[in-house]
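Chemist:
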DNA sequence: CTGTCATTTCCATAATTCATGAATCATGGA
DNA sequence: TCCATGATTCATGAATTATGGAAATGACAG
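Residue numbers (UniProt numbering), protein chains in the order written: chain A, 1 to 121; chain B, 1 to 121.
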């Protein structure tokens, strides 16, 4: 990931509505959400949301596809992962031991209660 | 990490000079850099840099301590790690397998010799 | 074709961010 | 104390960003 891509991603994530949007989209899983659904859940006007979605799109953090009259947005996990990778490179570059504890703790934290990595879905 | 902390960190990292600052500080290691050294390396005026450093400080991404007439800044790796954790939580939450490949690739990428983090800045 | 729904685009306004010069603060030396 | 140095604070203007209303686009039904 280039520096400019990272800057765009950081800027996209630095606004409350947009951060909420991607969190909702991630939580929604692969099916994502329709623009209208997002607007209703977050209580933002359609045009405001549209502008924010376009910024997230530009930053490569979401994707969209038309579905009839609606437009479905999905979190672009590759984009998020690239951003995390950018941070990890800077943070851990040359000194992996610095972030190993973090990675392990996330591994634990993200395997909560009702889910078992071992059982296939 | 709270949502507001993450927003502050993203905003802090979304500006070219500030992103350069933390990258230089990380590369500088535990000794960090004096404010004047940073200003000279990045060719930014002292007062502009000071304002940007204060934003990074507020976001918990750097720390400072006085050293005679100068002030030494250091990257706050805990803050960076917290931010990465926030992203990983959102990204991988409930589905660790999504980010495992990323984590492993970073582990590999950060292993080789004394690679230079600064290239491309 | 006409009407409606979902979303986007256009435009104006309000708010925020940013870099700058001037002034100020803090430290250390003469 | 006085002065020089390193850094910060303050006030300003330029630029960017966010938001809302109105209009336009695209898709579908009748």
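Just so it is clear, CB atoms sit at the ideal spot from N, CA and C, and this is done for glycine as well.
For residue 49 of chain B and chain A, any beta-carbon pair shorter than 8 Å?
Modeler: For residue 49 of chain B, the answer is no, since every Cβ of chain A falls outside 8 Å of its Cβ.
Chemist: Determine whether the Cβ of residue 45 of chain B lies closer than 8 Å to any Cβ atom of chain A.
Modeler: It does not: the Cβ of residue 45 of chain B has no partner Cβ on chain A nearer than 8 Å.
Chemist: Put residue 116 of chain A into one of helix, strand or coil per three-state DSSP.
Modeler: Model confidence at residue 116 of chain A stands at a pLDDT of 38, short of 50, so the residue's coordinates are unreliable; what they give is reported in the following sentence. Coil.
Chemist: Please find out if some non-hydrogen atom of the ligand FAD comes closer than 7 Å to the beta-carbon of residue 49 of chain B.
Modeler: As far as ligands go, the structure on display features none, and thus does not contain the ligand FAD.
Chemist: Who are the neighbours of residue 7 of chain B on chain A, taking C-beta pairs under 7 Å?
Modeler: Those within 7 Å of residue 7 of chain B in chain A are 14, 16 and 19.
Chemist: If I measure Cβ to Cβ from residue 70 of chain B and keep anything under 7 Å in the same chain, skipping five residues before and after, which residues do I get?
Modeler: Correct list, in chain order: 34, 35 and 36.
Chemist: Identify which residue in A:46, A:52 and A:24 has its Cα closest to the Cα of residue 14 of chain A.
Modeler: Ranking the options by Cα distance to residue 14 of chain A, first place goes to A:52.
Chemist: Just the chain A side, please: which residues come within less than 7 Å of residue 90 of chain B by C-beta, in chain order?
Modeler: Per Cβ cutoff of 7 Å: 23 and 26.
Chemist: Suppose contacts are defined by Cβ-Cβ distances below 8 Å. Is residue 9 of chain A in contact with residue 79 of chain A by that definition?
Modeler: Yes, they are a contact pair.
Chemist: Helix, strand or coil for residue 67 of chain A per DSSP?
Modeler: Strand at residue 67 of chain A.
Chemist: Count the other CB atoms within 10 Å of the CB of residue 32 of chain B; is the residue buried (16 or more) or exposed (fewer)?
Modeler: Label assigned to residue 32 of chain B: buried.
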